[in-house]
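Worksheet: one structure, shown below.
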RNA sequence: GCGCCUGUAGCUCAGUUGGAUAGAGCAACGGACUUCUAAUCCGUAGGCCACAAGUUCAAAUCUUGUCAGGCGCACCA
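In our numbering, the protein residues as written are 13 to 528.
Set out below in structure tokens:
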């Protein structure tokens, strides 16, 4: 938590200088290395209160710092109203020595979180889009657990309803040599299911094994059918009715979701007496709220984002206003994935079966590259997954770049035939060594950053940058031909960096090979 | 028409929640293997952050509007 530590120094410095208390300030890492290791803009925020220019305040803060015990080991330099901080090498060492890449300070308020993702209908194989939610969801689970939350991961199986009936009759038709019913499933995979005692369960099991191939394992597979079996849908509608949010119209039963910000009311029971998908979803979310504890997170594709307001409305009506906030109920909308094969976009349709399955992609490029590509993009940008690029074992493919940094460090141990040192004397640091150390010290901040923002892609970029610094150090700072003390120092730094890469990759469920 | 997301180097994307001269990879160009793995490194070049107003000491970042693209607006799931 190097940033938090610096922020505390700044708060103390302001107190020592002006005898006033301020909230924890933002700590930046300047892009320009001349400005030092860290920078803060506190002076700008104090101008009104102190009636001084930011330049004067920054100057006064830095003047105080020169004689201030709390500033030992740090150079404070004012520039343009910023306070720039440069850590002495001794202080960098001190921080680095106590830093453990595998230790994370837990959040102050750990939450119990129910994370639902993928939840694909068991009417066809998973494709790259499902793969994206699978990867993002599993990374999020690990990140949230890593910072101290308790996370229950769940796949909702829509094993009931019209689509399932159509799917079953499509399988039966193929088996019996009859024409596939209108609106049914025409995919080639259907014929692989004709001998299955239960095609729906067979498809679900296929999902499970596909996901396992990319390291995704769910705590629970929640069957929609079980909601019907125990009358949970009627119960949920009963709760809504008791809350006065249900009415009859046009021979149907409606939920007045407009009371909760939706733009139109929603049907619960159709005029033919059947429940809508939404009604069943009410039961599901009621069940989830009962189990969730503190927070529910759903990950959905952008093609369902229009569904969000009615679900937020329903969650509120069933669970109370305390479930209205995003801190209790969050829907992560992931933008869609386009697939490029041989430079051509592949149009996918489950109905016609024209598709490239996730299994086929994993067959071609492996789990590591698949996961890395899907994890590195922000979930709210639409992406194109280019199979040819992902396949390349070259610098076009950053997963190998990061893994190679790890493998290269391991190669040194093999060559030297020694174990990694767990301590070192502190020789003079060159820039490359120092850069690796400073970047490593932010690892914990970055885990929190990625977890808090539900953004695994930040971890990916942290690792790419760390790999870059490690490669640069590897090139510039030889080890084998170096005198023993310096050799030990370099190995010690690289070993911690290696564990950092390994830990970061593990959070993404990507392997850290010892040789490539 | 309404709603959500996106628009940053030729391409793919970052941008630490409002900070200083906007970054990286690929592609291009020029260098570095008798050396711990060249799946690497070093350097050069590349920009009206879609456009326009506004907010303030400060905007790629926040507000509003415009334009362009993706997705969605069911008694389907």
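Where a beta carbon is used, it is the ideal one built from N, C-alpha and C, also for glycine.
For residue j and residue i, the rounded distance between their alpha carbons
i           : j           : result
residue 386 : residue 147 : 7 Å
residue 334 : residue 326 : 13 Å
residue 328 : residue 63  : 47 Å
residue 175 : residue 382 : 29 Å
residue 207 : residue 187 : 8 Å
residue 519 : residue 409 : 19 Å
residue 461 : residue 369 : 33 Å
residue 177 : residue 209 : 15 Å
residue 99  : residue 522 : 34 Å
residue 28  : residue 425 : 48 Å
residue 77  : residue 21  : 10 Å
residue 395 : residue 141 : 10 Å
residue 19  : residue 39  : 6 Å
residue 517 : residue 220 : 23 Å
residue 301 : residue 315 : 24 Å
residue 35  : residue 16  : 12 Å
residue 275 : residue 321 : 8 Å
residue 31  : residue 145 : 50 Å
Extent of the continuous alpha helix (DSSP H) to which residue i belongs
i           : result
residue 168 : Note, residue 168: premise wrong, no alpha helix (DSSP H); beta strand (DSSP E) at 162 to 169.
residue 99  : From DSSP, residue 99 is part of no alpha helix (DSSP H) but of the beta strand (DSSP E) over 94 to 99.
residue 481 : 468 to 488
residue 70  : 66 to 78
residue 515 : 496 to 519
residue 326 : 320 to 331
DSSP-derived helix/strand/coil call for residue i
i           : result
residue 138 : coil
residue 292 : helix
residue 128 : strand
residue 112 : coil
residue 235 : strand
residue 63  : coil
residue 282 : coil
residue 382 : helix
residue 346 : strand
residue 392 : coil
residue 179 : helix
residue 52  : strand
residue 39  : strand
residue 398 : strand
residue 416 : helix
Sub-9 Å separation of residue i and residue j beta-carbons
i           : j           : result
residue 295 : residue 281 : no
residue 341 : residue 388 : no
residue 42  : residue 23  : no
residue 458 : residue 471 : yes
residue 346 : residue 357 : no
residue 348 : residue 313 : yes
residue 160 : residue 118 : yes
residue 505 : residue 50  : no
residue 344 : residue 384 : no
residue 445 : residue 485 : yes
residue 242 : residue 212 : no
residue 277 : residue 269 : yes
residue 430 : residue 402 : no
Where the beta strand (DSSP E) containing residue i begins and where it ends
i           : result
residue 259 : 258 to 261
residue 264 : 264 to 267
residue 308 : 307 to 313
residue 90  : 86 to 91
residue 358 : 356 to 358
Residue i beta carbon near the ligand GTP (any heavy atom closer than 8 Å)
i          : result
residue 23 : The ligand GTP is not part of this structure, which contains no ligands at all.
Do the segment 251 to 260 and the segment 220 to 238 meet, that is, are 3 or more Cβ pairs less than 8 Å apart? no
Does the segment 164 to 183 come close enough to the segment 129 to 138 to have 3 or more Cβ pairs within less than 8 Å? Contact between the segment 164 to 183 and the segment 129 to 138 is present, with at least three C-beta pairs closer than 8 Å.
Any contact of the segment 475 to 483 with the segment 508 to 519, i.e. 3+ C-beta pairs under 8 Å? Output reads yes: the segment 508 to 519 touches the segment 475 to 483.
Per the contact definition of three or more C-beta pairs closer than 8 Å, is the segment 303 to 321 in contact with the segment 121 to 129? yes
Could you tell me whether the segment 154 to 162 touches the segment 191 to 202, where touching means 3 or more Cβ pairs closer than 8 Å? no
Segment contact flag, the segment 67 to 74 with the segment 44 to 56, C-beta cutoff 8 Å, min 3 pairs: yes
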